[in-house]
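Visitor: Sharing a structure with you now.
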Amino acid sequence: MNTNLIINGEQIQGVAATFAVINPADESVLVEVPSASVEQVNQAIETATVAFKTWKNTEDSEINSTFLKIAADIRAAKDEIAELITLEQGKTLAMAQFEVEAGASWIEYLTSLEIPVDTIADPSGKTIKVYNRPLGVVASITPWNWPFMIAIWHIFPALKTKNCVVNKPSEFTPLSTIKLVEIINRHVAQGVCSVVLGTGEVGATLSGHPDVAKVTFTGSTRTGQRILSSSVDSLKSVVLELGGNDVGIVLEDADLDRTAQGIFGSAFLNVGQTCAALKRLYVHESIYDELTEKLANIANSQVLGSGLDPEVTFGPIQNKIQYNKVKGLIADAVAQGGKIITAEKNVPEKGYFVAPTLITNVEQGVALVDEEQFGPVLPIVKYSDVAQVIEQTNQSEFGLGGSVWTTDIARGEKIASQMETGTVWINSHSDLSPAAPFGGWKSSGLGFSFGLDGLLLFTHKQAIHISQ
Ligand code: NDP
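Quick note on the numbering used here: the sequence shown kicks off at 43 and runs consecutively.
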């Protein structure tokens with residue numbers, strides 16, 4: 043397993059203390075990884091600053107053809123990358139293969155976007171051209187839930203807009219990102235894209251560096267706030283994709299079979315470790331029993347175990363801290379009268395396994411409903427008045443996503459317009475699009491990624507006024 047940093051196109055070992063990457067399916071140490079020192083992080087930023095002088099002048103067509111070559115190489119290495127993802131992250135091989143494939147498609151989609159140059163007719167008669175110029179060096183800090191995919195979401199919009207990138211993957215899941223940056227470096231000049239590894243001070247060194255123009259971070263609200271406050275002195279701009287507590291509202295007229303499949307697929311996507319997973323479910327009292335039974339049947343049919351086993355449909359939680367957090371939320375909900383309606387399952391003795399768990403008889407005020415669980419447990423609340431549900435659920439500090447499940451699309455859209463979230467899905471949840479802006483209101487983040495909006499996050503406007 044490659045555990046090297048990639049700086050200035052070269053693979054070198056970190057020289058600071060090592061950290062262990064753990065297989066969450068059996069708690070074994072996959073590999074010990076040497077961390078980058080502060081000097082090595084600084085070196086990565088220096089080489090990116092030098093590379094930017096050339097990369098910023100690269101033709102759009104050259105960047106697009108580079109992206110297509112990278113996507114092709116990713117597809118060629120699909121099995122190898124998927125296995126790395128499963129080993130370090132825990133998800134099933136099928137899900138890991140989806141992550142690799144979707145990542146390659148995402149890169150290809152970006153080649154269809156053009157960075158606009160707007161022409162404005164000024165009332166005085168002069169012409170104003172508005173360009174979107176690159177920023178410089180972008181620091182990217184990526185999480186452990188979709189390590190490969192989210193690295194692509196960070197790195198490629200920044201490269202497409204002619205910035206250079208230094209990425210720092212989560213210390214829990216660095217291996218598939220090293221492979222990604224290795225592939226990128228086959229096709230770009232030295233210093234355009236680097237990866238530094240570590241724990242403790244690597245992230246803060248990156249985000250606090252005066253030569254970094256922008257920080258893009260996906261992870262917890264707490265760390266996002268720290269990054270934002272450290273950006274103040276240098277007026278660095280930041281993109282923060284933080285937590286969510288996405289609400290799903292099922293109306294009386296929903297198609298229950300389809301709804302049960304869709305809700306389970308979102309709430310337990312990647313074992314519930316997805317920022318835009320459905321995390322609290324509100325079901326109309328008239329269909330409550332029928333829908334909860336259907337959901338319980340799907341949950342009970344899951345096969346738990348190592349993601350490498352093709353029979354397995356449900357892997358472990360990625361790390362012990364998250365495992366303990368989820369177990370704590372379940373115990374607290376039960377202590378407050380919550381009822382587990384899923385069957386008790388034997389879970390493998392080793393590894394961070396929690397069977398998919400549905401809990402009824404809970405309401406706002408219970409931590410499982412109010413907070414982000416980021417794991418395989420879903421609280422289900424019975425309601426009778428949808429207006430009340432909207433008002434209540436809008437009180438959340440989060441505003442990432444929400445969904446309405448109904449056969450009356452016009453009513454669904456009306457309800458969507460009342461929800462205070464950056465995305466609302468009707469009859470689905472979590473199915474992100476590379477073409478649509480995605481981001482959170484309130485504590486869920488700053489800045490909207492994806493689509494053209496996502497690209498323009500990595501640019502400055504420059505208006506050129508032309509008088510004849
Ligand atoms: P965090 O969200 O706290 O992020 C940890 C990462 O941030 C590490 O790579 C760390 O690097 C880096 N970091 C820490 N401080 C700074 C800083 N000042 N500047 C730059 N980088 C910094 O991750 P956790 O794994 O602790 O997850 C905590 C919670 O976050 C989870 O329980 C879950 O709820 C949520 N989460 C949300 C995700 C999402 O998709 N929105 C994804 C994953 C988790 P270093 O070690 O070098 O400091």
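Beta carbons: idealized from backbone N, C-alpha and C, even for Gly.
Buried or exposed: which applies to D275, given that a residue is buried once 16 or more other Cβ atoms fall within 10 Å of its Cβ?
Guide: Position 233 of the sequence shown, counting from 1, holds the residue named residue 275. Counting Cβ neighbours within 10 Å, D275 comes out exposed, since fewer than 16 surround it.
Visitor: Please state the DSSP three-state secondary structure of H196.
Guide: As a working note, residue 196 is residue 154 in the sequence shown. In the structure shown, H196 sits in a helix (DSSP, three-state: H, G or I).
Visitor: Does the Cβ-Cβ distance between T219 and A193 come in under 7 Å?
Guide: Reading the sequence shown from its first residue, position 177 is the one you call residue 219. Reading the sequence shown from its first residue, position 151 is the one you call residue 193. It is a contact, given that the beta carbons lie within the stated cut-off.
Visitor: Kindly list the residues whose CB is nearer than 7 Å to the CB of A302, restricted to its own chain and excluding five residues on each side of it in sequence; keep chain order.
Guide: Within the sequence shown, the letter at position 260 stands for residue 302. The residues are L333, K336, L337, I340.
Visitor: From G482 to Q406, what does the alpha carbon distance come to, in whole angstroms?
Guide: Position 440 of the sequence shown holds residue 482. Position 364 of the sequence shown holds residue 406. Each residue's alpha carbon lies about 21 Å from the other.
Visitor: If we count the other Cβ atoms within 10 Å of its Cβ and call it buried at 16 or more, is G245 buried or exposed?
Guide: Along the sequence shown, read from residue 1 onward, the residue named residue 245 stands at position 203. Buried: at least 16 other Cβ atoms inside 10 Å.
Visitor: Would D297 be called buried (16 or more neighbouring beta carbons within 10 Å of its own) or exposed?
Guide: For the purposes of this step, residue 297 is taken as the residue at position 255 of the sequence shown. Exposed, since its Cβ has fewer than 16 Cβ neighbours within 10 Å.
Visitor: Considering only their Cβ atoms, is the gap separating G443 from T465 smaller than 7 Å?
Guide: Mapped onto the sequence shown, residue 465 falls at position 423. Mapped onto the sequence shown, residue 443 falls at position 401. In this structure, G443 lies closer than 7 Å to T465 by Cβ.
Visitor: Under the three-state reduction of DSSP, which class applies to E88: helix, strand or coil?
Guide: Taking the first residue of the sequence shown as position 1, residue 88 is located at position 46. Reduced to three states, the DSSP call for E88 is helix.
Visitor: Compute the minimum distance between the beta carbon of T260 and the heavy atoms of the ligand NDP, and state whether it is under 6 Å.
Guide: By one-based count along the sequence shown, residue 260 stands at place 218. For the ligand NDP, at least one heavy atom lies less than 6 Å from the Cβ of T260.
Visitor: Quick one: measure Cβ to Cβ for G261 and P199, integer angstroms, because I've assumed they're closer than 8 Å.
Guide: What you label residue 261 is simply residue 219 of the sequence shown in a count that begins at 1. What you label residue 199 is simply residue 157 of the sequence shown in a count that begins at 1. Between P199 and G261 the Cβ distance is about 18 Å, and since that is not below 8 Å, they are no contact.
Visitor: Quick one: using the 10 Å Cβ neighbour count with 16 as the cut-off for buried, is G370 buried or exposed?
Guide: For the purposes of this step, residue 370 is identified with residue 328 of the sequence shown, where counting begins at 1. G370 comes out exposed.
Visitor: Could you round the C-beta distance between N312 and K202 to whole angstroms and report it? I think they count as a contact, below 8 Å.
Guide: Position 270 of the sequence shown, counted from the first residue, corresponds to residue 312. Position 160 of the sequence shown, counted from the first residue, corresponds to residue 202. At roughly 26 Å, the Cβ-Cβ gap does not stay under 8 Å, so N312 and K202 are not in contact.
Visitor: If you check the beta carbons only, do D295 and T449 fall under 7 Å apart?
Guide: Within the sequence shown, residue 295 is the residue found at index 253, counting from 1. Within the sequence shown, residue 449 is the residue found at index 407, counting from 1. Yes, these two residues count as a Cβ contact at 7 Å.
Visitor: So L72 and V238 are in contact, right, with Cβ under 8 Å, and what is the actual spacing, rounded?
Guide: On the sequence shown, position 30 is the one that residue 72 refers to. On the sequence shown, position 196 is the one that residue 238 refers to. 19 Å between Cβ atoms; not a contact.
Visitor: Nearest-angstrom Cα distance between S485 and S509?
Guide: Locating residue 485 in the sequence shown gives position 443, counting from the first residue. Locating residue 509 in the sequence shown gives position 467, counting from the first residue. Distance between the alpha carbons of S485 and S509: 45 Å.
Visitor: State the CB to CB distance for the pair A86 and S236, rounded to an integer number of angstroms; the pair is presumed to be in contact (CB under 8 Å).
Guide: Here residue 86 refers to the residue found at position 44 of the sequence shown. Here residue 236 refers to the residue found at position 194 of the sequence shown. Their Cβ separation, rounded to whole angstroms, is 4 Å, which keeps A86 and S236 in contact under 8 Å.
Visitor: Using beta carbons (cut-off 7 Å, strictly below), is A377 in contact with chain C?
Guide: Absent here is chain C; the protein component of the structure consists of one chain.
Visitor: In chain order, what residues of the same chain lie with their CB nearer than 6 Å to the CB of N361, ignoring the 5 residues before and after it?
Guide: Here the question's residue 361 lines up with position 319 in the sequence shown. Correct list, in chain order: F214.
Visitor: With which residues is V515 paired in a DSSP beta bridge?
Guide: Here the chain covers residues 43 to 510 and nothing more, so residue 515 does not appear.
Visitor: Taking V446 as part of the beta strand (DSSP E), name the residues at either end of that continuous run.
Guide: As a position in the sequence shown, residue 446 is number 404, starting the count at 1. From DSSP, the beta strand (DSSP E) with V446 extends over 443-447.
Visitor: According to DSSP, is W467 helix, strand or coil?
Guide: As a position in the sequence shown, residue 467 is number 425, starting the count at 1. Reduced to three states, the DSSP call for W467 is strand.
Visitor: Any idea which residues DSSP pairs R117 with across the strands?
Guide: Mapped onto the sequence shown, residue 117 falls at position 75. For R117, which the question treats as bridged, DSSP gives no partner whatsoever.
Visitor: Measure the beta-carbon distance from A138 to T128 and round it to whole angstroms, keeping in mind my assumption that it falls under 8 Å.
Guide: Reading the sequence shown from its first residue, position 96 is the one you call residue 138. Reading the sequence shown from its first residue, position 86 is the one you call residue 128. So it is a contact: roughly 5 Å between Cβ atoms.
Visitor: Three-state secondary structure (DSSP) at T219?
Guide: Along the sequence shown, one-based indexing puts residue 219 at 177. Note: T219 maps to helix in three-state DSSP.
Visitor: Is the CB-CB distance between T241 and F61 below 7 Å?
Guide: Sequence index remark: in the sequence shown, residue 241 carries index 199 (1-based). Sequence index remark: in the sequence shown, residue 61 carries index 19 (1-based). Yes, these two residues count as a Cβ contact at 7 Å.
Visitor: Ordered along the chain, which non-local residues of its own chain (more than five positions away) have a Cβ less than 6 Å from that of E353?
Guide: Indexing the sequence shown from 1 puts residue 353 at position 311. Same-chain partners within the cutoff: V345.
Visitor: If you scan the segment 218-291 from start to end, which runs of the alpha helix (DSSP H) of 4 or more residues do you find wholly inside it?
Guide: With a minimum length of 4 residues, the continuous alpha helix (DSSP H) runs that stay inside the segment 218-291 are 244-250, 263-272.
Visitor: In the DSSP output, which residue or residues are listed as bridge partners for L488?
Guide: The count along the sequence shown starts at 1 and reaches residue 488 at position 446. For L488, which the question treats as bridged, DSSP gives the partners L282.
Visitor: Just confirm the distance between the C-beta atoms of V223 and C206, as a whole number of angstroms; I'd bet it's less than 8 Å.
Guide: For the purposes of this step, residue 223 is identified with residue 181 of the sequence shown, where counting begins at 1. For the purposes of this step, residue 206 is identified with residue 164 of the sequence shown, where counting begins at 1. With 8 Å as the limit, V223 and C206 do not qualify as a contact, their Cβ atoms being about 12 Å apart.
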